[in-house]
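For the record, in the sequence shown the residue sitting at position 585 is 864 according to my numbering, with numbers rising by one throughout.
The beta-carbon is built from N, C-alpha and C at its ideal position, and this holds for glycine as well.
Every value quoted in this text rests on a predicted model; they were computed, and no experiment measured them.
One structure is given below, encoded as structure tokens.
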Amino acid sequence: MKFGLLFFLLLLISTALQAQEEKYTLSGTVRDSASGESMIGATIRIPEAHTGISTNAYGFYSITLPAGTYTVICSFVGKKTKSFSLDLQKSEHIDIVLPESAVALRNVEVTARQTDQNIRSSDMGRDHLDIDQIKSIPVIFGEIDVLKTLTLLPGVMSAGEGNTGFYVRGGGADQNLILLDEAVVYNASHLFGFFSVFNGDAVKDITLIKGGIPAEYGGRLSSVLDIHTNDGNSKKFTARGGIGLISSRLTLEGPLGSDKGSILISGRRTYADLFPRQFGPGRLKDISLYFYDLNLKANYRVTDKDQIFLSGYFGRDIMSIPSLDVIWGNSTATLRWNHLFSDKLFMNTSAVMTDYQYKITISSGPSDFAITSSIRDYTGKVGFEYYLNENNKIKFGVAETYHTFTPGKVSSNGLDLLNDPNIDKKYALEGAVYISNEQTLTERIIVNYGLRYSIFDQIAPGKTFHYDSTGAITDTTTYRGHRRIQEYGGLEPRAAITFLLGKTSSVKASYTRTMQYVQLLSNTTSSTPVDLWVPCSNVIKPQIGDQYGLGYFRNFHSNDYETSVEVYYKSMQNQIDYRPGADLVLNPVVESQLYFGRGRAYGTEFFIKKKTGKLNGWIGYTLSRTERQFNEINGGNWYASRQDRTHDVSVVAIYDLNKRLSFGAVWVYATGNAVTFPVAKYEYSGHLFSYYTSRNGYRMPDYHRLDLSLTWHCKKRKHLESEWNVSVYNVYNRHNTYSIDFQQDPNNPDNTQAIRTWLFGIIPSITYNFKF
């Protein structure tokens, strides 16, 4: 009833906006001439009508105009601009094919949109990355990494040295919604966070939304990272890949049917584990640590109005040392159906499965026992885009997810004691319905407003526990069948407005409310395989975030330079922190280890980007604070959260010396992480204990480093294109502090020593990339 009433009211509002004048619609799909792939974010402009539109995630566009003669201009970065005249006297469906640009563009841009899109759009806090435009950016081990590149943007901070985890505007790592072809990725890292699960050769489009989140997204407080993989080449068979010092990758793609579809297979593997086995001394030969992953995608155009996509990801990390084996990874599968009901109404229907799991096997003499944990989701959703007229683009849809949480399962072939401590599975349903409208009110004012209603049910079978202030259980209730155990839900309004000050500048404001029903329990700063995802319950309430943003955007020199200043304030309810000495692994009453409070984050982001010329790149600077408040911690006073960093600076520069040789440089600086250090020690019953004062009241040393890269494009030979990339991570060998531990001084037990650990000094790498 709630869902139906919401749709009815909002559709009435949308229908009232429809213009009465007789108009016609131009629609179609924009594709790449070389591969036949649909092009996300291609721009269609109609100069005579002073309007334009961008293609959606499937390359579709639709624009409604009064009858008349128009010039249609279609453009995309790296492609030739295509224009044609159109006498629009009836609705037309025209597919546009963009050829390769005669001049190779190697600019490292954060967007593939029209040149002044950052000024004119209602988007705020949104960044686009094109994978082909970030290959010149140096990264650790020479492996192209989407997530590490994101941390070079203002408002996005790395979780640590070499780590793919990231924080957005003061939120935790679990408050980022990460989607791969619409499937949620719960752990986006390989090798404890040093690589991401996203293979650069398989990625097509990357969108990060850190403010003004549209109504079609939900379930996380801080950001949305929406990644789409390549469809595959529908024109011819191609292969590309790379060979590096510690990993290699290979991608194959080609037509499926007679130019109606395509298929893509992309895989990679690290092989650092092979060297110790062959050449390592002693016990080093018994140690193994590596990962592999595989991306698959196929699509087929059944009719002019129907297209089917099937995509999947499978990845695993394997760590093996004597008596211990750990395997963890993600699996996803997405089946999508696109249907065009008319030249104005586009539908995308998806069925999605996502699974994250880990397994730890421990050998103990004649007996082995294993610990497994997982989270698995099944999702169905339907989304519509209705291009009402040239001034209104409406989106609406519904989604439902069935969650299965397996906190811990222990099995043994010899130790009967370990056969019992399995933790009960938990089940939940999470649903949402949404509607939004992007509306041009006047030539100067553009608004995007929407409403999302989400609901979360923890369902039986299961148990609920009640605790006292010390965390002891006071009551237990067991539920059977399929009844509802606990229900949460609420409205999540979204709104953004753009006011154009002129052709080169604008002011934008936004408000977003989001709700999060699953939480990550982890008392480490970096991603680990045993991080535990838990649903809301009678004890754990949904996190609620309210974010306000205001920004000024200005372009210079014919849009060659983009600048912006954005300020934000975010309040967060029902945040989680941990009791001292919290036990999170294989704990059936893990809720007893938690404290609940509130958070706030606020800051200013400065951004300047040079888009053209031999020298291009950007500078980002963030000045921010992130704080938490819990009655049980720090005397109830506000304290800095572990992701609080006052200053964060990124400088990215790419210099194209000529068509064959280019250089890249990255310099980053950040305030040290907030940490808790002991200030004294005391003796009790013959044992020494450390005494701590304020939570996160101290700082690690400031972090900074310089990375350099050189890319040499080899001369093309027949059908082979290749390049060499040489990069140096941490050029001036800065020993950035990773952790500080405290221990007794072996020479004087009455004194305490601080032991500083750093991970990486200077690291050179070389990679050979090829395509044929």
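Reference residue i, options the options, closest by Cα
{"i": "Lys890", "options": "Ile319, Val376, Tyr840 and Gly307", "result": "Tyr840"}
{"i": "Arg548", "options": "His469, Asn578 and Pro957", "result": "His469"}
{"i": "Gln854", "options": "Thr749, Arg996, Thr517 and Thr905", "result": "Thr905"}
{"i": "Ile323", "options": "Gly315, Tyr961, Val309 and Glu1002", "result": "Val309"}
{"i": "Ile734", "options": "Leu770, Thr757, Asp747 and Tyr340", "result": "Leu770"}
{"i": "Thr680", "options": "Gly710, Gly687 and Val661", "result": "Gly710"}
{"i": "Gly449", "options": "Asn574, Ser850, Phe625 and Val677", "result": "Ser850"}
{"i": "Gly331", "options": "Ile725, Ile654, Asp460 and Phe471", "result": "Ile725"}
{"i": "Asn834", "options": "Leu800, Tyr881 and Lys888", "result": "Lys888"}
{"i": "Tyr982", "options": "Val928, Gly536, Gln822 and Glu717", "result": "Val928"}
{"i": "Glu962", "options": "Tyr970, Val947 and Trp917", "result": "Tyr970"}
{"i": "Gly591", "options": "Met632, Asn701, Thr582 and Ala751", "result": "Met632"}
{"i": "Trp616", "options": "Ile587, Tyr635 and Gln636", "result": "Ile587"}
{"i": "Asn466", "options": "Leu800, Thr753, Thr756 and Glu766", "result": "Leu800"}
{"i": "Thr883", "options": "Glu845, Asp862 and Ser920", "result": "Glu845"}
{"i": "Ser785", "options": "Asn442, Val581 and Tyr831", "result": "Tyr831"}
{"i": "Thr972", "options": "Pro980, Val954, Arg984 and Leu989", "result": "Val954"}
Rounded C-alpha distance that separates residue i from residue j
{"i": "Ala381", "j": "Ser354", "result": "Unreliable placement is indicated for Ala381, whose pLDDT of 47 sits below 50; the coordinate value is still reported in the next sentence. Their Cα atoms are separated by approximately 14 Å."}
{"i": "Thr683", "j": "Asp703", "result": "11 Å"}
{"i": "Thr613", "j": "Gly540", "result": "17 Å"}
{"i": "Phe1039", "j": "Arg1013", "result": "8 Å"}
{"i": "Gly439", "j": "Tyr1017", "result": "8 Å"}
{"i": "Phe909", "j": "Leu811", "result": "22 Å"}
{"i": "Asn913", "j": "Ser690", "result": "41 Å"}
{"i": "Thr721", "j": "His372", "result": "27 Å"}
{"i": "Asp311", "j": "Thr360", "result": "12 Å"}
{"i": "Val930", "j": "Ile522", "result": "28 Å"}
{"i": "Pro814", "j": "Glu327", "result": "53 Å"}
{"i": "Thr715", "j": "Arg528", "result": "In the sequence on display, residue 715 carries Ser and not Thr. Their Cα atoms are separated by approximately 41 Å."}
{"i": "Glu495", "j": "Tyr713", "result": "6 Å"}
{"i": "Lys960", "j": "Ile654", "result": "41 Å"}
{"i": "Tyr1008", "j": "Val945", "result": "9 Å"}
{"i": "Pro859", "j": "Tyr881", "result": "28 Å"}
{"i": "Asp825", "j": "Pro493", "result": "14 Å"}
{"i": "Phe1049", "j": "Val809", "result": "37 Å"}
{"i": "Ile1019", "j": "Asn916", "result": "25 Å"}
{"i": "Lys1052", "j": "Thr755", "result": "Limits of the chain in this structure are 280 at one end and 1051 at the other, which puts residue 1052 out of reach."}
{"i": "Thr753", "j": "Val447", "result": "38 Å"}
{"i": "Tyr874", "j": "Gly451", "result": "16 Å"}
{"i": "Thr343", "j": "Thr350", "result": "14 Å"}
{"i": "Asn578", "j": "Gly404", "result": "32 Å"}
{"i": "Thr582", "j": "Ile375", "result": "17 Å"}
{"i": "Leu987", "j": "Lys427", "result": "15 Å"}
{"i": "Glu301", "j": "Lys358", "result": "34 Å"}
{"i": "Asp1100", "j": "Phe339", "result": "The shown model of the chain, from 280 to 1051, leaves out residue 1100, and the question about it has no answer."}
Residue i: CB within 6 Å of a non-hydrogen atom of the ligand GTP
{"i": "Ser502", "result": "Questions concerning the ligand GTP fall outside what the structure shown contains, since it holds no ligand whatsoever."}
DSSP bridge partner residues for residue i (one or two, in chain order)
{"i": "Pro957", "result": "Tyr971"}
{"i": "Pro867", "result": "According to DSSP, which records beta bridges pairwise, Pro867 is partnered with nothing at all."}
{"i": "Gly523", "result": "Thr1046"}
{"i": "Gly540", "result": "Tyr579"}
{"i": "Phe339", "result": "Thr308"}
{"i": "His247", "result": "Nothing in the structure corresponds to residue 247, since the chain is present only between 280 and 1051."}
{"i": "Glu884", "result": "Glu845 and Thr901"}
{"i": "Gly498", "result": "DSSP output for Gly498 lists no bridge partner at all."}
{"i": "Asp596", "result": "Phe570 and Trp607"}
{"i": "Ile325", "result": "Thr330"}
{"i": "His761", "result": "DSSP, once it has assigned bridges, lists no residue as partnering His761."}
{"i": "Ala1033", "result": "Phe1021"}
{"i": "Leu535", "result": "The partner list for Leu535 (beta bridge, DSSP) is empty, contrary to what the question assumes."}
{"i": "Lys302", "result": "Pro345"}
Below-7 Å beta-carbon distance, residue i vs any chain D residue
{"i": "Ile342", "result": "The displayed structure is made up of one protein chain only, and chain D is not part of it."}
Quiz item: Is the region 487-503 touching the region 446-460 in the sense that three or more CB pairs, one from each, lie closer than 8 Å?
Solution: yes
Quiz item: Per the contact definition of three or more C-beta pairs closer than 8 Å, is the region 764-778 in contact with the region 721-740?
Solution: As far as the Cβ criterion goes, the region 721-740 touches the region 764-778, which means the pair count is three or higher.
Exercise. Let me know the beta strand (DSSP E) ranges lying completely inside the region 422-454, each 3 residues or longer, listed in chain order.
Key: Listed in chain order, the complete beta strand (DSSP E) runs (minimum 3 residues) inside the region 422-454 are 435-437 and 445-447.
Practice problem: May I have a chain-ordered list of the beta strand (DSSP E) segments no shorter than 3 residues that lie completely inside the region 682-749? | Solution: 705-719, 724-738 and 741-746
Quiz item: Whole beta strand (DSSP E) runs in the region 764-849 with 3 or more residues, listed along the chain?
Solution: If you keep only unbroken beta strand (DSSP E) runs of at least 3 residues inside the region 764-849, you get 784-795, 797-800, 811-814 and 822-835.
Self-check item: Ordered list of beta strand (DSSP E) runs contained in the region 615-681, each at least 3 residues
Solution: 624-643 and 646-668
Practice problem: Would you be able to state if there are at least three C-beta pairs under 8 Å between the region 594-608 and the region 568-584? | Solution: yes
Practice problem: Counting only runs of 3+ residues fully inside the region 973-1019, write out the beta strand (DSSP E) ranges in chain order. | Solution: 982-992 and 1000-1008
Practice problem: Count the C-beta pairs between the region 746-754 and the region 774-792 that are closer than 8 Å, then say yes if the count reaches three, no if not. | Solution: no
Quiz item: Does the region 398-415 come within contact of the region 479-488, defined as at least 3 CB pairs closer than 8 Å?
Solution: yes
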